[in-house]
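*Asks:* Position 235 (the sequence shown) corresponds to 235 in UniProt numbering; numbering is contiguous. For glycine and all other residues, C-beta sits at the position ideal for the given N, C-alpha and C.
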Amino acid sequence: MDLSKFIFCLILITIFILISKYYLNQQNQFYKIKLSRPIKIKNQKMPPILIWNRCQHARGIGYPDYPLIESNTKCPFDCTFTYDRKFEANASTTLFFLHLFCNITDWPKNRREDQNYMMYTVESPIQTTFKYYDRKLLTDKFFNSSATYRLDSSVFMPYDALTRITPTTPKEYIWDQKEVMERVKKKTKFVFQAVSHCDSESGRDPISKRLKNITGFDIVGGCFGGWCSYDCYDRNMEDHKFYLALESNICLNYVTEKFWNALRSLTIPVVFSRSVFEGMDIPSNAFIALDDFKSVNEFVAHLRALQNDTEKYLKHFEWTKTYTNRKFGYDYSPICQICEYATRQFEQDLKNILDLDKFWNVKDCNYFDVEKFLKD
């Protein structure tokens, strides 16, 4: 290689390194700008909250409807969130994402006794407990706190939740009953389902395959020979009376966007089991559960009867008179809640131990008897 080519390559490499360094710095600044404000407690500066691992397909913390702390977010607590592990020994709280796309290749080596280790996950115990982590390191006493969809989490972070109407609820957050009736009565199609996660542990695939052969059941998605775009999904949700919101796992309080998208589209969600909703503030007639029926034929007959009985069908929307139309995440910042929890832990010098085996265990997940349900 002649000297001119060598110099040219050297310049390109230098430019690449500088751009990469600038980009990484900008990413760090993004989180500082979005998530950081100084805080003083008892004349001490609040140590930062360390986010231990990054996620491949997510930027920031929270679900799609959970915004980061923006200028209009009213959060009475101020924290600094950082990915910089030089703060490992000093961090007040260390946050660990437990998810397939949030790989953890190494674990902290310098833990203080008073540090709060918080597990953060949107997935069920089946998807997170044993599959991706070395339980020799991730012991039952490793975490102090949790941020999950479970009601008994340190920080409750559901995919969504209903909020009751109160005397101070803004008018625009209250369902217009005339509009509700108009939207519901416009639904002319029977049952819809979109499935992209095939061979799920819950056993929904055999049920979906069986129902797909019944007239009026429109089942789409990668598992059933055809994708459905966002527009296709929204259009079908508005047109159908029922939606099969069958989760990949049947675990306590594991209620994902499948259920919530249907409910807020005024399409009656069909779930596996009522036991999943234990303790959740969701009216029992807002959805239909497969375990209410002895067989698939009895289930289909029930839906047909509701389809032809407007009065009974409309009873499934009584919840709109008691709960708002406002998505939970619009007024509830998980960042703020995590910040508040970490602040109180630091301020009060609290020491908790989360018994991972009791709190996050596949024993809290059920298995639906698909074979029995599909018998004629």
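Once the 5 residues before and after Y341 are set aside, which same chain residues still bring their CB inside 7 Å of it?
*Replies:* S145, S154, V155
*Asks:* How about the region 271-288 and the region 316-336: do they share at least three Cβ pairs that are nearer than 8 Å?
*Replies:* The region 271-288 vs the region 316-336: in contact.
*Asks:* What residue range does the alpha helix (DSSP H) around P334 cover?
*Replies:* 334-348
*Asks:* Is the region 191-202 touching the region 355-363, taking contact as three or more C-beta pairs under 8 Å?
*Replies:* no
*Asks:* Do L246 and V271 come within 9 Å of each other at the CB atom, strictly closer than that value?
*Replies:* yes
*Asks:* What's the gap between the Cα of Y117 and the Cα of P108?
*Replies:* 10 Å
*Asks:* Out of curiosity, what's the CA-to-CA distance linking D205 and V180?
*Replies:* Cα atoms of D205 and V180: separation of roughly 32 Å, rounded to the nearest angstrom.
*Asks:* In its own chain, which residues sit with a C-beta less than 8 Å from the C-beta of G221, not counting the 5 before and 5 after it?
*Replies:* Q193, A194, V195, S196, W227, C228
*Asks:* Considering only C-alpha positions, which residue in the set Y323, K312, F77, D134 is nearest to P167?
*Replies:* Y323
*Asks:* For Q177, does the count of other Cβ atoms within 10 angstroms reach 16, so buried, or fall short, so exposed?
*Replies:* exposed
*Asks:* Let me check one thing: in DSSP terms, what residues is V220 bridge-paired to?
*Replies:* BP columns for V220 point to A194.
*Asks:* Given K40, which residues of its chain have a CB within under 6 Å of its CB, disregarding the five upstream and five downstream residues?
*Replies:* Low per-residue confidence applies at K40: pLDDT is 37, beneath 50, and the placement is therefore not dependable, though the value from the model is reported in the following sentence. Counting only Cβ-Cβ distances below 6 Å, and skipping sequence neighbours, we find nothing.
*Asks:* Report buried or exposed for P48, applying the criterion of at least 16 other Cβ atoms within 10 angstroms of its Cβ.
*Replies:* buried
*Asks:* Use the C-beta contact count for I353: other C-beta atoms within 10 angstroms, 16 or more gives buried, fewer gives exposed.
*Replies:* exposed
*Asks:* Look at the Cβ atom of S202, then the Cβ atom of F373, and state whether they are nearer than 9 Å.
*Replies:* no
*Asks:* In chain order, what residues of the same chain have a beta carbon less than 7 Å from the beta carbon of T148, not counting five sequence neighbours either side?
*Replies:* T121, M157
*Asks:* Hey, how far is the Cα of E298 from the Cα of K375?
*Replies:* 11 Å
*Asks:* At which residue ranges does the UniProt domain "Fucosyltransferase N-terminal" (45-159) contain complete alpha helix (DSSP H) runs of 4 or more residues, listed in the order of the chain?
*Replies:* 125-128
*Asks:* Among the candidates D349, F101, I335, whose CA atom is the shortest distance from the CA of L50?
*Replies:* Minimum Cα distance to L50 is reached at I335.
*Asks:* If you drop the 5 nearest sequence neighbours on each side, which residues of the same chain put their C-beta closer than 8 Å to that of N110?
*Replies:* E88, A89
*Asks:* If distances are taken between C-alpha atoms only, which option among R264, I268, I250 comes closest to Y243?
*Replies:* I268
*Asks:* Following the continuous alpha helix (DSSP H) through F299, name the residue where it begins and the one where it ends.
*Replies:* 296-307
*Asks:* Could you tell me if T94 is buried or exposed, where buried requires 16 or more neighbouring beta carbons within 10 angstroms of its beta carbon?
*Replies:* buried
*Asks:* Considering only residues of the same chain and omitting the five flanking positions on each side of I104, which have a CB-CB separation below 6 Å?
*Replies:* N53
*Asks:* Closest by CA to L137, which one among L356, S248, K327, L303?
*Replies:* L356
*Asks:* Looking at the strands, I want to know which residues DSSP matches up with K189.
*Replies:* DSSP lists H240 as partners of K189.
*Asks:* How many Å lie between T163 and K86 at the Cα?
*Replies:* 41 Å
*Asks:* Where does D231 land, buried or exposed, given buried means 16+ other C-beta within 10 angstroms?
*Replies:* exposed
*Asks:* CB K241 to CB L306, shorter than 9 Å?
*Replies:* yes
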